[in-house]
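> Questions regarding the structure given below will be posed in turn.
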Amino acid sequence: MAAAGPQHHATRRQPMPVRALFSLECMRSLKRALALSSTVLCLLATGCHHKQKVAYQPPPPPAHKGHPPAEPRPTQPAEFDAHSIDSEIASAPPGYFDDISAGPISSEEGIASWYVTNYRGRAMADGTMGTQGAMTAAHRTLPLGSTARVTNLSTGQQVLVRITDRGPFVQGRVVDLSEGAAKAIGLYRAGVTNVRIEAYAHHTADIEGHWCVQTGVFKDRGDAIDLKAALQKRYPGSQVIEFAGPDGFWVRIDPIHRDKQTAMAMERWIGSPDKFSQAYLVRTD
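Under the UniProt record's numbering, the first residue of the sequence shown carries the number 1, and numbering increases by one thereafter.
In structure tokens, the structure reads:
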């Protein structure tokens, strides 16, 4: 029994040294800090993931085939700086633009688009070569060479253009701008926008004008050929052509006397063979 006391005493747990206690406490603090950091990181990751879902919006589809994506419109209309048109007139060759001091003689509103790349370098209806940087436009009925002021109704931006070509032959469109003119009024990225077109008197324009009718594009050449044959039968003596365009096939008929009244009657008779090939009244001079 006497020996049991010392043996029991020898197995008693010795007090842990102060340095060991300090190290153990440091390890526990480090574990708690790491656990807290992991929790915070998880919460942050969850929050960021949730924010991405809320903020993400898919980009809009192109408004016009072959054009860059649309850009957001400003929330407030931009104020028009009159000096920009004055500068445009001053930098243009003499006689390039008509006299605009008397004010416009006609005005219309509609949808504007701009020429895509396959129009670069081709001859315009007035015989000039297409240049994307020039301030030019295509219109179906304004005299070639005449001046028009085009206003972007969404932003108030304006540009003077010279009518050098015919078109657009797309339902709902009223004018096709060159690339330079489209950039001047904030249309380049949007592809299409609502505009006001104000035309000025052109000193060389024939009052009566010369007129024809041209259809929009036919996807099937056989349909274009059928319409050509029908027009030749109904209007003998008129010049009717069928030709290939960048997106399909087109039909054009020139009345014998190229007068507007006959051309208007032809336009009504052709109507809309399909949703793409609507007939359009076109001035040729």
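Ideal Cβ placement from N, Cα and C applies to all residues, glycine included.
To the nearest angstrom, how far is it from the Cα of GLN171 to the Cα of GLN232?
The residue labelled residue 171 in the question sits at position 171 within the sequence shown. The residue labelled residue 232 in the question sits at position 232 within the sequence shown. Answer to the nearest angstrom: the Cα atoms are 25 angstroms apart.
> By how many angstroms is the C-alpha of GLY237 removed from the C-alpha of LEU153?
Numbered from its first residue, the sequence shown carries residue 153 at position 153. Numbered from its first residue, the sequence shown carries residue 237 at position 237. C-alpha separation (whole angstroms): 44 angstroms.
> Identify every residue that forms a DSSP beta bridge with ASP176.
Looking up residue 176 in the sequence shown gives position 176. DSSP output for ASP176 lists SER113 and ALA138 as bridge partner(s).
> How about TYR188 and ARG149: are their beta carbons less than 9 angstroms apart?
Residue 188 sits at position 188 when you count from the first residue of the sequence shown. Residue 149 sits at position 149 when you count from the first residue of the sequence shown. No, Cβ-Cβ distance for TYR188 and ARG149 is not below 9 angstroms.
> Tell me which residues share the same chain as ILE197 and place their Cβ nearer than 6 angstroms to its Cβ, disregarding the 5 neighbours each side in the sequence.
Taking the sequence shown and counting its residues from 1, one reaches residue 197 at position 197. Excluding residues within five positions, the ones whose Cβ falls inside 6 angstroms are GLU108, ALA148, VAL150 and VAL175.
> Count the other C-beta atoms from every protein chain shown that fall within 10 angstroms of the C-beta of HIS257, then say buried if there are 16 or more, exposed otherwise.
In the sequence shown, counting from the first residue as 1, residue 257 sits at position 257. With fewer than 16 other Cβ atoms within 10 Å, it is exposed.
> If you count every other CB in all the chains shown that lies within 10 Å of the CB of GLY133, and 16 or more means buried, which is it?
Position 133 of the sequence shown, counted from the start, is the residue given in the question as residue 133. It is exposed - the Cβ of GLY133 has fewer than 16 other Cβ atoms within 10 Å.
> Out of ASP126, SER146, ALA263 and ALA137, state which residue places its alpha-carbon closest to the alpha-carbon of HIS210.
Here residue 210 refers to the residue found at position 210 when the sequence shown is read from its first residue. For HIS210, the nearest C-alpha among the options comes from ALA263.
> Can you list the beta strand (DSSP E) stretches of 3 or more residues lying completely in the UniProt domain "SPOR" (205 to 284), in chain order?
Listed in chain order, the complete beta strand (DSSP E) runs (minimum 3 residues) inside the UniProt domain "SPOR" (205 to 284) are 211 to 215, 239 to 244, 249 to 254 and 279 to 283.
> Can you confirm whether the segment 176 to 187 touches the segment 90 to 107 when touching is taken to mean that 3 or more C-beta pairs between the two stretches lie within less than 8 angstroms?
Contact fails: fewer than three Cβ-Cβ distances are below 8 angstroms.
> How many angstroms separate the CA atom of ARG73 from the CA atom of THR155?
On the sequence shown, position 73 is the one that residue 73 refers to. On the sequence shown, position 155 is the one that residue 155 refers to. With a pLDDT of 39 at ARG73, under the threshold of 50, the predicted position of this residue should be treated as unreliable, though the coordinate-derived value follows. So the alpha carbons of these two residues sit roughly 8 angstroms apart.
> What does THR147 pair with, by DSSP beta-bridge criteria?
Working through the sequence shown from its first residue, we reach residue 147 at position 147. DSSP lists ARG162 as partners of THR147.
> Please report the distance separating the alpha-carbon of ILE225 from that of VAL161.
Taking the first residue of the sequence shown as position 1, residue 225 is located at position 225. Taking the first residue of the sequence shown as position 1, residue 161 is located at position 161. Going from the Cα of ILE225 to the Cα of VAL161 covers about 35 angstroms.
> Just the C-alpha distance for PRO61 and THR193, rounded to the nearest angstrom, thanks.
Taking the sequence shown and counting its residues from 1, the one referred to as residue 61 is at position 61. Taking the sequence shown and counting its residues from 1, the one referred to as residue 193 is at position 193. Reliability fails at PRO61, whose pLDDT of 39 lies under 50, so the model's placement of it is uncertain and the value that follows must be treated cautiously. C-alpha separation (whole angstroms): 15 angstroms.
> Give every residue of the same chain whose Cβ lies closer than 6 angstroms to the Cβ of GLU267, excluding the five residues on either side of it in the sequence, and list them in chain order.
The residue given as residue 267 occupies position 267 in the sequence shown. For GLU267, where only same-chain residues beyond five positions count, the Cβ hits under 6 angstroms are VAL213, ALA279 and LEU281.
> How would you call GLN76, buried or exposed, if buried means at least 16 neighbouring beta carbons within 10 angstroms?
As a position in the sequence shown, residue 76 is number 76, starting the count at 1. Caution applies to GLN76, whose pLDDT of 35 falls short of 50 and renders its modelled position unreliable; the model cannot decide the point.
> Any idea what DSSP makes of ILE105, helix, strand or coil?
Position 105 of the sequence shown, counted from the first residue, corresponds to residue 105. It is coil, neither helix nor strand.
> Between which two residues does the beta strand (DSSP E) carrying ALA201 extend?
For the purposes of this step, residue 201 is taken as the residue at position 201 of the sequence shown. Counting along the chain, ALA201 falls outside any beta strand (DSSP E), and DSSP gives it neither H nor E.
> Could you please give me the residues that DSSP links to ILE197 through a beta bridge?
As a first step, residue 197 must be located in the sequence shown, where it is residue number 197. Beta-bridge pairing links ILE197 to GLU108 and VAL150.
> Run the CB neighbour count on ASP81, radius 10 Å, all protein chains shown included, and call it buried at 16 or more, exposed below.
Your numbering for residue 81 matches position 81 in the sequence shown. Any answer about ASP81 is weak, because its pLDDT of 44 lies below 50 and its placement is not dependable; what the coordinates show is given next. Under this definition ASP81 is an exposed residue.
> Taking the alpha helix (DSSP H) that ALA90 belongs to, which residues open and close that run?
Working through the sequence shown from its first residue, we reach residue 90 at position 90. Residues 82 to 91.
> Quick check on the burial criterion: 16 or more other C-beta atoms within 10 angstroms. Buried or exposed for ALA243?
By 1-based counting over the sequence shown, the position of residue 243 is 243. The sequence shown places Phe at residue 243, not Ala. It is exposed - the Cβ of PHE243 has fewer than 16 other Cβ atoms within 10 Å.
> How big is the Cα-Cα spacing for VAL159 and VAL217?
Here the question's residue 159 lines up with position 159 in the sequence shown. Here the question's residue 217 lines up with position 217 in the sequence shown. VAL159 and VAL217: Cα-Cα distance of roughly 29 angstroms.
> Would you call the CB atoms of THR128 and THR164 closer than 9 angstroms?
Within the sequence shown, residue 128 is the residue found at index 128, counting from 1. Within the sequence shown, residue 164 is the residue found at index 164, counting from 1. In this structure, THR164 lies closer than 9 angstroms to THR128 by Cβ.
> Roughly how many angstroms lie between the CA atoms of GLY167 and GLU179, to the nearest whole one?
Start at 1 with the first residue of the sequence shown, and residue 167 comes out as number 167. Start at 1 with the first residue of the sequence shown, and residue 179 comes out as number 179. Cα-Cα distance, rounded: 15 angstroms.
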